[in-house]
Amino acid sequence: MKYIFLFLGLFLAGCSSKESTEKPKIAVVISTLNNPWFVVLGESAVQQAEKLGYEAKLFDSQNNPAVESDHFENLISSGFDAILFNPTDADGSIANILKAKEAGIPVFCMDREVNSNDAATSQILSDNYTGCVAIGVEFVKQLHGKGNYVEILGLAGDNNTYARSNGFHTVVDKFKGLKLLGQQNGDFDRNKAMEVMESMMQANPSIQGVFCGNDAMALGAFQAIQSAGKSEQIKVFGFDGADEVVQKIKEGKIVATGMQYPKVMAKTAATFAVEFFKGRKSFPQHIPVGVNLVNAKTAKHF
Amino acid sequence: MISNSLLKKSQSLIALFLLMVVLSVVSDKFLTTGNLWNVLRQISVNLCLSIGMTLVILTAGIDLSVGAILGLSGAICAGLLKFGLAFPALDLWVGFTVLGATLAAILVGTSLGFFNGWVITRFSVPPFVATLSMLTIARGLSFLYTQGQPISDLGTDFEQIGAAWLLGVPVPVWISACLILVFVVITNRTSLGRFIYAIGGNEKAALVSGIPIKQVKWLVYALSGAMAAIGGVLVTSRLNSAQPNAGMNYELDSIAAIVIGGTSLSGGQGSIKGTIIGAILIGVLNNGLVLLNVSPFWQQVVKGLVILLAVIVDKMNQKSN
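Line by line, the protein sequences are chains H and L.
Each number in the working numbering comes from the position in the first sequence (counting from 1) with 457 added on.
Each number in the working numbering comes from the position in the second sequence (counting from 1) with 17 added on.
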């Protein structure tokens with residue numbers, strides 16, 4: 458009896474997958490679902506695709522181009538018709554996109570860029586670099602161009618980590634009065650950033666500012682600063698635009714962050730995919746989605 | 018000969034002492050009371066995981082699920098505090114106090130740990146595989162429960178567990194100190210302790226001499242889960258926020274502390290005291306490398322080398338014995 462059911466199950470599964478090929482299916486492949494920000498990006502992409510009337514499925518590449526490659530192979534063979542894609546690596550992900558392109562499946566990159574202009578159908582990107590240039594300007598303004606500061610970077614080997622840090626430093630490094638006393642990794646993780654901040658405050662009692670590569674780390678650093686009773690002395694800067702941080706900016710606890718728009722990126726990518734199904738062939742290669750500075754003055758708009 | 022064996026017994030203590038001397042020479046910030054409390058507060062979580070897992074490793078087992086159980090129990094603790102528990106079918110909503118949520122989290126950790134022990138004894142699954150499966154299950158459950166988003170702002174009462182001071186000592190340090198005491202008593206003074214060493218030393222002999230192997234294993238894995246949950250409550254309280262990916266890779270730091278402390282991965286040999294020194298050594302190393310602003314890439318290399326060195330010295334000593 459068991460075997461009969463098993464065969465029946467296979468048969469049914471075979472049937473249902475055939476039926477659904479009539480309507481295009483959309484895959485959403487996200488670099489990692491370990492980070493709340495990317496969960497929002499991935500889930501909004503799925504929701505947008507469903508809102509437009511298409512079946513959508515979410516895949517987690519676990520920050521690993523090899524896992525991503527497996528996903529792409531499975532997607533191509535199981536008959537998905539478009540991929541909304543958040544790549545794990547600017548170079549490593551190109552080969553995966555090309556595989557899909559060969560199979561005639563359009564790929565729309567979201568948030569993170571790949572270093573190729575003819576692989577993806579279109580790339581809808583958050584401008585991390587320019588966003589952090591703006592943070593750098595705000596940082597200089599708030600510290601009046603002089604003082605000691607530390608930086609908490611994201612993850613070693615991650616593009617956005619360096620895009621953000623470079624954007625910030627193009628401005629801040631021009632001011633000789635601003636001294637970088639420590640630069641450590643916080644792995645985009647709240648707890649790690651808190652512990653690193655605790656130790657950096659011990660090493661440098663005189664710091665006046667900290668720039669964190671994302672908002673989770675800004676919240677961890679703030680927690681450490683608050684416990685040490687230094688919230689008056691040290692100004693915290695983040696990046697992402699997390700709700701908790703916007704709230705803390707309104708309360709005057711964190712100075713500034715860069716607001717990114719994952720939902721806008723997800724919506725644009727889903728809309729493009731649907732337009733592709735309806736026959737549109739040409740898309741702009743790069744669609745920059747701006748990053749807005751959130752500080753005490755502008756926080757009420759977010 | 019006596020002094021020689023004493024030297025061998027306390028080699029990790031000597032290593033820790035040397036490390037602290039070096040750090041206090043190269044950084045004038047290391048040996049300040051503020052920084053030392055910092056280090057102790059930071060290691061309190063790893064201590065919880067490590068002393069729990071020491072019992073498991075003494076029985077020649079391993080528990081890879083402690084980091085994931087930490088994440089899940091922390092999330093559940095935060096979720097219960099913030100949202101309570103709703104039963105829509107009964108039109109019932111249960112709110113949780115700080116104590117209630119903490120106990121519920123510990124109950125979850127204990128149950129998952131017990132499940133580990135049960136799977137291992139009932140189906141003879143190797144502990145490595147059973148707890149590896151639990152690692153992914155618990156991590157997945159924590160993402161499901163939190164929907165991948167942090168649960169934050171848990172109230173000042175709850176925040177006090179991680180932030181408050183009692184008689185001049187941070188509360189997390191008190192908590193880990195009390196737990197250490199309990200575990201030292203278990204290993205040194207109780208028949209459970211003797212059973213654990215006996216099972217790790219020679220399981221067949223232990224079976225023949227009538228030691229209730231199954232029950233002892235259930236208990237050590239359940240205790241390891243409970244300690245992971247306590248660690249989860251501590252992390253969550255320190256951040257005033259539960260992160261769905263909290264505790265990622267913590268099992269590795271914990272195993273490192275145990276190994277540095279001289280506990281043998283093949284069971285039967287080692288002590289809670291050794292693990293404490295191992296955990297402090299890793300904490301001091303992490304802290305010192307940041308104080309000196311060493312590049313994060315080098316930090317990983319240095320940590321790996323220290324662990325390797327500790328194990329090599331241990332092995333050489335065993336051979337010379």
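Here a beta-carbon is modelled for each residue, glycine too, at the ideal position from N, C-alpha and C.
Quantities reported herein were computed from a predicted structural model and do not represent experimental measurements.
Here's a check: name, in chain order, each residue in its chain whose Cβ is nearer than 7 Å to the Cβ of residue i, leaving out the five neighbours to either side.
i, result
"F740/H", "T578, S579, F729"
"H528/H", "V486, F516, S518"
"V323/L", "L302"
"V702/H", "D672, A675, L676, G695, I711, T714"
"P481/H", "Y511, D538, A539, F734"
Give the single residue among the options whose Cα lies nearest to the Cα of residue i.
i, options, result
"S128/L", "W110/L, M244/L, L66/L", "M244/L"
"F668/H", "I592/H, Q717/H, T489/H, D630/H", "I592/H"
"E512/H", "A539/H, M674/H, I706/H", "A539/H"
"A385/L", "V188/L, G227/L, E176/L, G249/L", "Outside the shown range of chain L, which is 18 to 338, sits residue 385/L, and nothing can be said about it."
"G561/H", "H743/H, F734/H, Q742/H, A756/H", "F734/H"
"T489/H", "K482/H, G670/H, D575/H, L515/H", "L515/H"
"H743/H", "G510/H, N572/H, Q599/H", "N572/H"
"Q763/H", "L325/L, T280/L, L66/L, N262/L", "No information on residue 763/H is available, as it lies outside the stretch 458 to 759 that chain H covers here."
"F542/H", "V751/H, F625/H, M657/H, E570/H", "E570/H"
"S526/H", "I487/H, N671/H, D672/H", "I487/H"
"K598/H", "A552/H, F696/H, Q665/H", "Q665/H"
"Q177/L", "V188/L, I168/L, I86/L", "V188/L"
"G91/L", "V62/L, I74/L, Y238/L, T71/L", "V62/L"
"G536/H", "G634/H, I483/H, F645/H", "I483/H"
"V115/L", "D108/L, L97/L, F104/L, F47/L", "L97/L"
"G130/L", "L102/L, G78/L, G101/L, L107/L", "G78/L"
"L209/L", "I192/L, C195/L, G227/L, A194/L", "G227/L"
"S254/L", "Q232/L, A95/L, S150/L", "A95/L"
"T587/H", "K480/H, I706/H, T755/H, D697/H", "D697/H"
"S159/L", "G218/L, L240/L, S82/L", "S82/L"
"N266/L", "Q28/L, G217/L, G84/L, A215/L", "G84/L"
"L348/L", "E268/L, N205/L, D45/L", "Because chain L spans 18 through 338 in this model, residue 348/L falls outside it and cannot be assessed."
"M651/H", "G624/H, V628/H, L612/H, F679/H", "F679/H"
List the whole-angstrom C-beta distance separating residue i from residue j, where the pair is believed to meet the contact cut-off of C-beta under 8 Å.
i, j, result
"A694/H", "F596/H", "Note on residue identity: the sequence assigns Phe, not Ala, to residue 694/H. Contact flag correct, Cβ pair sits at about 6 Å."
"A493/H", "G165/L", "With the sequence shown as reference, residue 493/H is identified as Pro, and Ala is not the correct amino acid for it. At roughly 6 Å, the Cβ-Cβ gap stays under 8 Å, so P493/H and G165/L are in contact."
"A713/H", "L750/H", "6 Å"
"S583/H", "V746/H", "5 Å"
"I609/H", "M654/H", "7 Å"
"I533/H", "M722/H", "Not quite, the Cβ-Cβ distance comes to about 24 Å (not below 8 Å), so this is no contact."
"L251/L", "G185/L", "About 19 Å separates the two Cβ atoms, so there is no contact after all."
"I230/L", "A239/L", "Contact doesn't hold; Cβ gap of about 15 Å is too wide."
"L308/L", "S44/L", "5 Å"
Excluding the five sequence neighbours on either side, which residues of its own chain have a C-beta within less than 6 Å of the C-beta of residue i, listed in chain order?
i, result
"I682/H", "S688, I691"
"G51/L", "none"
"A16/L", "Any answer about residue 16/L is impossible in this case: the structure gives chain L only from 18 up to 338."
"I93/L", "A122, V125"
"P144/L", "G78, I79, I137"
Going along the chain, which residues of its own chain have a beta-carbon closer than 8 Å to the beta-carbon of residue i, five neighbours each way excluded?
i, result
"N661/H", "N605, V607, L638, G639"
"L36/L", "L298, V301, L302, G305"
"A576/H", "I551, I554, L555, K558, V564"
"P167/L", "S258, A259, Q260, P261"
"G287/L", "T71, I74, L75, I275, G278, G279, T280, S281"
"L509/H", "A727, T728, V731"
"K636/H", "G604, N605, Y606"
"E500/H", "L515"
Could you work out which residues of chain A lie near residue i, taking near to mean beta carbons separated by less than 8 Å?
i, result
"A660/H", "Included in the structure are the protein chains H and L, with no chain A among them."
Regarding residue i and the ligand MN, is the C-beta to nearest heavy atom distance less than 7 Å?
i, result
"M658/H", "No copy of the ligand MN occurs in the structure displayed, which carries no ligand at all."
* Asked: What residue ranges within the stretch 662-726 of chain H form continuous alpha helix (DSSP H) runs of no fewer than 4 residues, ordered along the chain?
  -> Runs of the alpha helix (DSSP H) inside the stretch 662-726 of chain H: 672-684, 700-707.
* Members of the stretch 313-334 of chain L that neighbour chain H once the beta carbon cut-off is set at 7 Å -> So the list reads P313, F314, given in the order they occur along the chain.
* To do: Would you mind listing the alpha helix (DSSP H) stretches within the stretch 55-123 of chain L that are 4+ residues and don't spill past its ends, in chain order?
  => Runs of the alpha helix (DSSP H) inside the stretch 55-123 of chain L: 83-100.
* Asked: Taking Cβ-Cβ distances below 8 Å as the criterion, which residues of the stretch 637-649 of chain H are in contact with chain L?
  -> Within the stretch 637-649 of chain H, the qualifying residues are L638, G639, Q640, Q641, N642, D646, R647, N648.
* To do: Pick out the complete beta strand (DSSP E) segments inside the stretch 510-551 of chain H, 3 residues or longer, and give them in chain order.
  => List check, beta strand (DSSP E) in window: 512-517, 539-542.
* Select from the stretch 216-240 of chain L all residues with a C-beta closer than 7 Å to any C-beta belonging to chain H, and list them in chain order. => Listed by position along the chain: nothing, the set is empty.
* Residues of the stretch 255-277 of chain L with Cβ closer than 8 Å to any Cβ of chain H, in chain order -> Going along the stretch 255-277 of chain L in chain order, one finds R255, L256, N257, S258, Q260, P261, N262, A263, M265 with a Cβ nearer than 8 Å to chain H.
* **alpha helix (DSSP H) runs wholly inside the stretch 138-188 of chain L, at least 4 long, in chain order** => For the stretch 138-188 of chain L, the full-length alpha helix (DSSP H) segments reaching 4 residues or more read 144-163, 173-180 along the chain.
* Asked: What residue ranges within the stretch 589-638 of chain H form continuous beta strand (DSSP E) runs of no fewer than 3 residues, ordered along the chain?
  -> Within the stretch 589-638 of chain H, the complete beta strand (DSSP E) runs of at least 3 residues are 604-610.
* chain H contacts made by the stretch 147-177 of chain L, where a contact means CB separation under 8 Å -> So the close ones are F160, Q164, G165, Q166, P167, S169, D170.
* Residues of the stretch 104-123 of chain L with Cβ closer than 9 Å to any Cβ of chain H, in chain order -> Of all residues in the stretch 104-123 of chain L, none has a Cβ within less than 9 Å of some Cβ in chain H.
* Asked: If contact means a Cβ-Cβ distance below 9 Å, which residues of the stretch 48-66 of chain L contact chain H?
  -> From the stretch 48-66 of chain L, only T49, G51, N52, N55, V56, R58, Q59, V62 have a Cβ closer than 9 Å to chain H.
* **Cβ-based contacts, 7 Å cut-off: residues of the stretch 678-704 of chain H near chain L** => Those would be Q680, S684, E701, in chain order.
* Check distances from the C-beta atoms of the stretch 241-252 of chain L to those of chain H and list, in chain order, the residues that come in under 9 Å. => Hits within the stretch, in order: V252.
* Which parts of the stretch 193-222 of chain L are runs of the alpha helix (DSSP H), unbroken and 4 residues or longer, counting only runs that do not cross its ends? -> As far as the stretch 193-222 of chain L is concerned, its whole alpha helix (DSSP H) runs of at least 4 residues are 208-218.
* To do: Determine which residues of the stretch 486-503 of chain H have a Cβ less than 7 Å from any Cβ of chain L, and write them out in chain order.
  => Cβ contacts with chain L come from L490, N491, P493, V496.
* Asked: In the stretch 609-628 of chain H, which residues sit with their C-beta less than 7 Å from some C-beta in chain L, listed in chain order?
  -> Under the 7 Å Cβ criterion, the stretch 609-628 of chain H contributes A613.
* Asked: At a Cβ cut of 7 Å, what residues of the stretch 178-189 of chain L count as close to chain H, listed as they run along the chain?
  -> For the stretch 178-189 of chain L, residues whose beta-carbon sits nearer than 7 Å to a beta-carbon of chain H comprise A180.
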